[in-house]
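Notes for the one structure printed next.
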Amino acid sequence: GAGVSQSPSNKVTEKGKDVELRCDPISGHTALYWYRQRLGQGLEFLIYFQGNSAPDKSGLPSDRFSAERTGESVSTLTIQRTQQEDSAVYLCASSSLGGSYNEQFFGPGTRLTVL
Amino acid sequence: AQSVTQLGSHVSVSEGALVLLRCNYSSSVPPYLFWYVQYPNQGLQLLLKYTSAATLVKGINGFEAEFKKSETSFHLTKPSAHMSDAAEYFCAVRTGGGNKLTFGTGTQLKVEL
Numbered sequence: 035g036a037g038v039s040q041s042p043s044n045k046v047t048e049k050g051k052d053v054e055l056r057c058d059p060i061s062g063h064t065a066l067y068w069y070r071q072r073l074g075q076g077l078e079f080l081i082y083f084q085g086n087s088a089p090d091k092s093g094l095p096s097d098r099f100s101a102e103r104t105g106e107s108v109s110t111l112t113i114q115r116t117q118q119e120d121s122a123v124y125l126c127a128s129s130s131l132g133g134s135y136n137e138q139f140f141g142p143g144t145r146l147t148v149l
Numbered sequence: 013a014q015s016v017t018q019l020g021s022h023v024s025v026s027e028g029a030l031v032l033l034r035c036n037y038s039s040s041v042p043p044y045l046f047w048y049v050q051y052p053n054q055g056l057q058l059l060l061k062y063t064s065a066a067t068l069v070k071g072i073n074g075f076e077a078e079f080k081k082s083e084t085s086f087h088l089t090k091p092s093a094h095m096s097d098a099a100e101y102f103c104a105v106r107t108g109g110g111n112k113l114t115f116g117t118g119t120q121l122k123v124e125l
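Protein chains in written order, with the working numbering: chain H, 35 to 149; chain Y, 13 to 125.
What follows is the structure in structure tokens.
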């Protein structure tokens, strides 16, 4: 596609439920990143994929958070047993590491609200 | 560890006035620095980047930023603000392997008539 796409755009869930957030990167981009943006705060790095492997998971806040990537394309971020503090906009970005110094292209985000 | 600090979470300017958004960085290695803009209900868009070439970097929409090593700064400027510049602006530094970015907390720019 022309850009990074994410789905759903909005997700409202009840505390304790699991959620899955999807990211479709730009075709051919080998690197994929997940960030979280909580209200009034900057973006927090969550996880980075190079191909289908994740060499850097240092930003995942707890073991309730996991992510996978398949076919060097789509990625899914899963949050188990959601808590109210998980409410945030989850942003995905992709980049071509052989290109221009890590220009990351961002999707529009998924706004997650945990009631 | 690399980090960035953005001074001023909210900046308000009059249309036609100078825009100055401040960013200071901390890095143990020569940094790669970025400014991103986020318009309401949209994803982040790259404005400009510094990658150790020219210290004065020109970006889209008339914005530019100057890398000053002595001041560890990378402030964003625009000579004349336009209403359409109202958005949130984030400074970021490339952090370690994998090219992940560490972002500042953002500056909300308001442009008034």
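Quick reminder that beta carbons are idealized off the backbone N, C-alpha and C, glycines included.
- Between residue 77(H) and chain Y, the shortest Cβ-Cβ separation is below 8 Å.
- In chain order, 43, 44, 45, 46, 69, 77, 79, 86 place their CB closer than 8 Å to the CB of residue 62(Y), counting only its own chain and leaving out the 5 sequence neighbours on each side.
- One Cα belongs to residue 91(H), the other to residue 51(H), and the distance between them is close to 23 Å.
- Taking a beta-carbon distance threshold of 8 Å, residue 95(H) does not count as an interface residue toward chain Y.
- With contacts defined as CB atoms closer than 8 Å, residue 129(H) and residue 137(H) qualify as a contacting pair.
- Cβ neighbours of residue 74(Y) within its own chain (closer than 6 Å, five residues either side excluded): 90.
- Considering only beta carbons, the part of the region 45-65 of chain Y lying closer than 7 Å to chain H consists of 54, 55, 56, 58, 61, 63, in chain order.
- The Cβ atoms of residue 99(Y) and residue 121(Y) lie closer than 8 Å to each other.
- By the criterion of a C-beta distance shorter than 8 Å, residue 97(Y) is surrounded in its chain by 31, 73, 90, 121, 123, once the five residues flanking it on both sides are discounted.
- Pairing residue 40(H) with residue 105(H) gives a Cβ-Cβ distance that is not under 8 Å.
- Against residue 111(Y), the close residues of chain H are 65, 67, 82, 129, 131, 135, 136, 138, in the order they occur along the chain (beta-carbon pairs closer than 9 Å).
- Residue burial annotation: residue 49(H) is exposed, with fewer than 16 other C-beta atoms found within 10 angstroms of its C-beta.
- Measuring C-alpha to C-alpha distances from residue 147(H) to each of 125(H), 67(H), 118(H) identifies 118(H) as the nearest.
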